[in-house]
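Residue numbers (the numbering used here): 1 to 266. From the three backbone atoms N, C-alpha and C, an ideal C-beta is built for every residue, glycine too. Keep in mind that this is a model prediction, so the values were computed, not measured. Read the structure below first, then the notes.
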Amino acid sequence: MMKSSSSECKPEKLESTHPLYILYTSGTTGKPKGVLHGTGGYLTHLYSTFKWAFDIKDSDVFFCTADIGWVTGHSYVVYGPLLHGATEVMYEGAPDFPDASRMWQIIQKYKVTIFYTTPTALRMFMKFGDELPNSHDLSTLRLLGTVGEPINPEVWKWYFKTIGKEKCPIIDTWWQTETGGMMISSLPGLETIPLKPGSGTRPIPGVSISVVDENGVDVEPNKKGYLIIKNPWPGMLLTLWNDDEKYKTAYWAKYENCYYSGDYAM
Numbered sequence: 001m002m003k004s005s006s007s008e009c010k011p012e013k014l015e016s017t018h019p020l021y022i023l024y025t026s027g028t029t030g031k032p033k034g035v036l037h038g039t040g041g042y043l044t045h046l047y048s049t050f051k052w053a054f055d056i057k058d059s060d061v062f063f064c065t066a067d068i069g070w071v072t073g074h075s076y077v078v079y080g081p082l083l084h085g086a087t088e089v090m091y092e093g094a095p096d097f098p099d100a101s102r103m104w105q106i107i108q109k110y111k112v113t114i115f116y117t118t119p120t121a122l123r124m125f126m127k128f129g130d131e132l133p134n135s136h137d138l139s140t141l142r143l144l145g146t147v148g149e150p151i152n153p154e155v156w157k158w159y160f161k162t163i164g165k166e167k168c169p170i171i172d173t174w175w176q177t178e179t180g181g182m183m184i185s186s187l188p189g190l191e192t193i194p195l196k197p198g199s200g201t202r203p204i205p206g207v208s209i210s211v212v213d214e215n216g217v218d219v220e221p222n223k224k225g226y227l228i229i230k231n232p233w234p235g236m237l238l239t240l241w242n243d244d245e246k247y248k249t250a251y252w253a254k255y256e257n258c259y260y261s262g263d264y265a266m
């Protein structure tokens, strides 16, 4: 079969909104929903955010610990790196098996330069102590990232000091299955800004956000409110599979002409 196969795969011409995949998520609005993403906009969003956030270069070795069945795995293990022809590490199994130093062994062996993981994983690594990462050569790292949930300042500082040796910036990224890719993050590929432990910093270019109260009025600085997105963006979901009405009521009904994320912010 391989001998008779062509080494070329001609691309198929598609509409930009042609469905690319459906990913089910529990999200923030109840039972699991089939989030439908398109082709052109989604891939454009990933190409841009992967470049901006990770400042990706030909010399980099990228390592994201996310499962491919999760949106982070879809977006930043599969599509984002492929769009840039990036070198990346993929692994299977658990991050602490066969032993608790597995992540640091991978970084050392493959000379990883960019490491993207979750606060939950970092808290687990912290529990194992500093001796494990300190006994491995992590000097190739130049950029660290977090995804999936808020990172508390204590964990952020440990990540910065113990793993990054106080030389690697940390990008704290906020986004959702529904958004397709990063929406809030510092962007080393575009600019250098001060980093604050536990803060996602600013929205990416082209994204307009607000933090509002129950009535849609902007809250004062340092006050908790609902995070909304005020304009369309390339990676946004097209709809919910077989449930257009739920798509409208869950995301677009609470605040007129704004996307309701279901998350708090301040």
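Check, Outcome
"Candidates P150, I170 and E149, of which the one nearest Y159 by Cα", "I170"
"Identity of the residue in L23, E149, G180 and Y47 nearest P232 by Cα", "G180"
"Segment contact flag, the segment 33 to 43 with the segment 108 to 124, C-beta cutoff 8 Å, min 3 pairs", "no"
"Selected residue, minimal CA-CA separation from G145, among G198, N134 and V211", "G198"
"Cα-Cα separation, G73 to M1", "31 Å"
"Within 8 Å, strictly: CB atoms of I228 and Y259", "yes"
"Counted within 10 angstroms of its Cβ, other Cβ atoms place C9 as buried (16 or more) or exposed", "exposed"
"Closest by C-alpha distance to E15, when choosing among L43, R142, K31 and K33", "L43"
"Beta-carbon spacing of G148, D172 below 8 Å", "no"
"Residue burial classification, A250 (beta-carbon count within 10 angstroms, cutoff 16)", "buried"
"Per-residue burial, H18 [other beta carbons within 10 Å of its own, 16 or more giving buried]", "exposed"
"Nearest-angstrom Cα separation, counted from G235 out to P11", "21 Å"
"Opening and closing residue of the beta strand (DSSP E) in which F62 lies", "V61 to C64"
"Beta-carbon separation (whole angstroms), T113 vs L83, contact threshold 8 Å", "Not confirmed; about 18 Å, so no contact."
"Top-ranked residue by Cα proximity to I163, from Q108, Y76, G225 and T25", "Q108"
"Selected residue, minimal CA-CA separation from I209, among N215, N222, Y226 and E220", "Y226"
"Whole-Å CB distance - M124 paired with D96, under 8 Å assumed", "7 Å"
"Own chain, CB closer than 6 Å to Y247, minus 5 neighbours either side, in chain order", "T239 and L240"
"Neighbourhood of V77 by C-beta distance below 8 Å, restricted to the same chain and skipping five residues each side", "C64, A66, I68, E88 and M90"
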